[in-house]
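Numbering (my numbering), first residue to last: 2 to 138.
Glycine included, C-beta positions come from ideal geometry on N, C-alpha and C.
Since this is a predicted model, take the numbers as computed values, not measurements.
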Ligand SMILES: [Zn+2]
């Protein structure tokens with residue numbers, strides 16, 4: 002099936018925090034760092050699909066924090082590149098700071114992952130059914 006919005010476009014829009022459906026800039030409320038808009042101001046795509054849908058974003062944020070920050074600090078400590086005290090301080094600061102800095106991306110990346118797997122769920126990829134056409138064809 003050929004889509005109007007390709008997986009490449011979904012990937013690009015997800016990485017740049019844009020609406021996966023129309024590419025309008027930012028999923029977030031203007032002037033807010035952490036408040037996601039309920040829907041796209043341009044096309045109306047709901048960003049919060051259902052309550053709890055962004056638990057996955059929290060899991061993604063946790064996983065990236067652990068794998069992308071805490072494990073490298075641990076490896077640097079074990080390899081002797083960092084002493085114990087600086088490693089603990091760095092890990093502590095990173096465990097709090099990294100998820101905050103990654104919050105916006107985790108929300109956008111989670112939404113991107115959903116539509117990368119199910120691109121036909123985007124309204125832009127759903128074609129109109131012609132008069133007399135069966136919806137299952
Ligand atoms: Zn949109």
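Is it true that the CB of residue j sits closer than 8 Å to the CB of residue i?
i           : j           : result
residue 28  : residue 112 : yes
residue 7   : residue 125 : no
residue 91  : residue 76  : no
residue 11  : residue 21  : yes
residue 116 : residue 62  : no
residue 55  : residue 99  : no
residue 34  : residue 40  : no
Could you tell me the distance, in whole angstroms, from the CA atom of residue i to the CA atom of residue j?
i           : j           : result
residue 138 : residue 108 : The predicted position of residue 138 is uncertain, since its pLDDT is 47 and thus under 50; a value taken from the coordinates is nonetheless stated next. For residue 138 and residue 108, the distance between alpha carbons rounds to 35 Å.
residue 102 : residue 86  : 23 Å
residue 24  : residue 88  : 41 Å
residue 127 : residue 59  : 29 Å
residue 110 : residue 32  : 20 Å
residue 79  : residue 106 : 30 Å
residue 26  : residue 57  : 22 Å
Quick check on DSSP: helix, strand or coil for residue i?
i           : result
residue 138 : Because the pLDDT at residue 138 is just 47, under 50, the model does not fix this residue reliably, and the point stays unresolved.
residue 29  : strand
residue 92  : helix
residue 38  : coil
With respect to the alpha helix (DSSP H) encompassing residue i, which residues constitute its N-terminal and C-terminal limits?
i           : result
residue 15  : 8–16
residue 60  : 56–66
residue 119 : Neither: residue 119 is in no alpha helix (DSSP H) and is coded neither H nor E.
residue 73  : 72–79
* Asked: Any chance the region 87–102 sits against the region 60–69, with 3 or more Cβ pairs inside 8 Å?
  -> yes
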